[in-house]
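Heads up: take any position in the sequence shown, counting from 1, add 1, and you land on the working numbering.
Note that CB positions come from ideal geometry on N, CA and C, so glycine has one too.
What you are looking at is a predicted structure, and each value in this text was computed from that prediction instead of being measured.
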Amino acid sequence: MDDNTVIARLEALEARVAEHTEAIQENRRLNRRVAELTDVVMELLTELAKTEDPAVMDRIRTYTNSLS
2 MDDNTVIARL EALEARVAEH TEAIQENRRL NRRVAELTDV VMELLTELAK
52 TEDPAVMDRI RTYTNSLS
């Protein structure tokens, strides 16, 4: 393998690493957002649970079970 080929392959690998790094950062951002939204939903469900309405309780149970 000549030097130009090695350099070209190295540059291609560096570009791929940069793309993967960006994708990882985006994935982390989205995961954090999902966690934040899940927290909000749980807060709302906690308030709804205080109503003791059987239909509400059933839906809360269904949602909670879907998280595990």
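Take the alpha-carbon of valine 41 and the one of serine 67: they are about 16 Å apart. When secondary structure is reduced to three states using DSSP, methionine 2 falls in the coil class, being assigned neither helix nor strand. For aspartate 54, the three-state secondary structure derived from DSSP is coil. Here DSSP, grouped into helix, strand and coil, assigns serine 69 to coil.
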